[in-house]
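If you use the working numbering, the sequence shown corresponds to residues 47 to 122, in order. The C-beta atom is built at its ideal place from N, Cα and C for all residues, glycine as well.
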Amino acid sequence: MNRKTLLLVGVLLLVMVMLAGCSSLGVKPWERDLLAQQKMQLINEPVEAGLDDHIYFSKEGSSGGRSFGGGGCGCN
47 MNRKTLLLVG
57 VLLLVMVMLA
67 GCSSLGVKPW
77 ERDLLAQQKM
87 QLINEPVEAG
97 LDDHIYFSKE
107 GSSGGRSFGG
117 GGCGCN
């Protein structure tokens, strides 16, 4: 084999290995119980979540935003 062929095979193998590394993305069903625990939440303290909601409401002039759509820029 000449040098170009070896380089082409090497690059092709490298691309295949990189694509195979992305084949197992996602959460498996048996891992969901660990991610649903209270300590795994982004904000796991209710008081802190309430304060963040109050700050967001005061700045944006809207309510909610975490689980449903709300709008308003607070310009008035």
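Measure the beta-carbon distance from residue i to residue j and round it to whole angstroms, keeping in mind my assumption that it falls under 8 Å.
i: Ile-101; j: Ala-95; result: Going by Cβ atoms, the distance from Ile-101 to Ala-95 rounds to 11 Å, so no, they are not a contact pair.
i: Val-18; j: Leu-81; result: In the structure as shown, the chain starts at 47 and stops at 122, and residue 18 therefore has no counterpart that could be examined.
Indicate the three-state DSSP secondary structure (helix, strand or coil) for residue i in the structure shown.
i: Ile-101; result: helix
i: Ala-47; result: The question names Ala, but residue 47 in the sequence shown is Met. Coil, per DSSP.
i: Glu-77; result: helix
i: Gln-84; result: helix
i: Glu-91; result: coil
Apply the 10 Å Cβ neighbour rule to residue i and answer buried if 16 or more other Cβ atoms are within range, or exposed otherwise.
i: Asn-122; result: Its pLDDT being 48, under 50, Asn-122 is placed unreliably by the model, and nothing is read from it.
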